[in-house]
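Sequential numbering of the sequence shown, starting at 41, is according to my numbering.
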Amino acid sequence: MECGLRILFVLDAAKAKPCDLQRLIAYDYLLVHSGDVEGPVSLHPAVPFRGGEMLVKRDVLKAGLDQMFSKELLDKRFDANGISYCGTPLTTAFIDLMANDYSRELRSRAHWVVERFSALSDHELSTFMDENLGRWGAEFDRFTALNDLEL
41 MECGLRILFV
51 LDAAKAKPCD
61 LQRLIAYDYL
71 LVHSGDVEGP
81 VSLHPAVPFR
91 GGEMLVKRDV
101 LKAGLDQMFS
111 KELLDKRFDA
121 NGISYCGTPL
131 TTAFIDLMAN
141 DYSRELRSRA
151 HWVVERFSAL
161 SDHELSTFMD
171 ENLGRWGAEF
181 DRFTALNDLE
191 L
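Right under this line is the structure:
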């Protein structure tokens, strides 16, 4: 449910531009770890090896999308390229009901993610994510190495 709710913010920011599952997986990571890509301060803590989140997000995110679709909060489109998702008027109406600090920060980050990454083709976005995944969270390796260093 949590992933599905976050993606509603992304789809609303995308303004009815369809996104496939792989793009939404990348957007979800970038949404909560925006500080990894010199964006706004990350919403979620910088944990070790957080780039590995991308490996387990697919099933969780798909379940969240299916749950939001079952409540008519997003739309699925089927075409020659496969399945894509987009927001609906209900998406906007629903997320407008959420007015806490986290929701406001989520909305801000979602607009930033879409503005920053929507111009990238699927291949370019995938390449960007692949090239950087190993770095995200690896800074903790340096701290561990410093602790183990004997002087």
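The beta carbon of each residue, even a glycine, is placed where N, CA and C say it ideally should be. Bear in mind the structure is a predicted one, so any value in this text is a computation, not a measurement.
Does DSSP put residue i in a helix, a strand or coil?
{"i": "PHE158", "result": "For the record, residue 158 in the displayed sequence is Ser; it is not Phe. Coil."}
{"i": "SER124", "result": "strand"}
{"i": "LYS116", "result": "strand"}
{"i": "SER130", "result": "The sequence as given places Leu at residue 130; Ser does not occur at that position. Looking at LEU130 - three-state DSSP - the assignment turns out to be helix."}
{"i": "LEU64", "result": "helix"}
{"i": "LEU101", "result": "helix"}
{"i": "ALA150", "result": "helix"}
{"i": "SER82", "result": "coil"}
{"i": "LEU95", "result": "helix"}
{"i": "MET138", "result": "coil"}
So, for residue i: in the same chain, excluding its five sequence neighbours on each side, which residues have a beta-carbon less than 7 Å away from its beta-carbon?
{"i": "PHE109", "result": "LYS116"}
{"i": "GLY122", "result": "ASP60"}
{"i": "GLU93", "result": "TYR69"}
{"i": "GLU145", "result": "LEU83"}
Check for me: the alpha helix (DSSP H) holding residue i runs from which residue to which?
{"i": "LEU173", "result": "From DSSP, LEU173 is part of no alpha helix (DSSP H); its letter is neither H nor E."}
{"i": "ASP76", "result": "Run containing ASP76: none; DSSP gives neither H nor E here."}
{"i": "LEU51", "result": "42-53"}
Looking only at its chain, what residues have a beta carbon closer than 8 Å to the beta carbon of residue i, apart from the 5 residues adjacent to it on each side?
{"i": "GLU42", "result": "GLY104"}
{"i": "LEU101", "result": "CYS43, GLY44, ILE47, LEU61, LEU64, ILE65 and ASP68"}
{"i": "THR132", "result": "ASP52"}
{"i": "LYS97", "result": "CYS43, ILE65, ASP68 and TYR69"}
{"i": "ASN187", "result": "Because the pLDDT at ASN187 is just 47, under 50, the model does not fix this residue reliably, and the point stays unresolved."}
{"i": "VAL77", "result": "LEU70, ARG156 and ASN172"}
{"i": "SER148", "result": "PRO80"}
Among all the DSSP beta bridges, which residues are the ones paired with residue i?
{"i": "CYS59", "result": "TYR125"}
Compute the beta-carbon to beta-carbon distance between residue i and residue j, rounded to the nearest angstrom, for a pair I have assumed lies under 8 Å.
{"i": "VAL50", "j": "LEU71", "result": "6 Å"}
{"i": "SER158", "j": "ALA54", "result": "7 Å"}
{"i": "GLY75", "j": "TRP152", "result": "So it is not a contact: roughly 11 Å between Cβ atoms."}
{"i": "LEU137", "j": "GLY127", "result": "Not a contact, Cβ separation roughly 15 Å."}
Compare the C-beta of residue i with all C-beta atoms of chain B and state if any pair is closer than 8 Å.
{"i": "TYR67", "result": "No chain B is part of this structure, which consists of one protein chain only."}
Leaving out five residues before and five after residue i in sequence, what residues of the same chain have Cβ atoms less than 6 Å from its Cβ?
{"i": "PHE118", "result": "none"}
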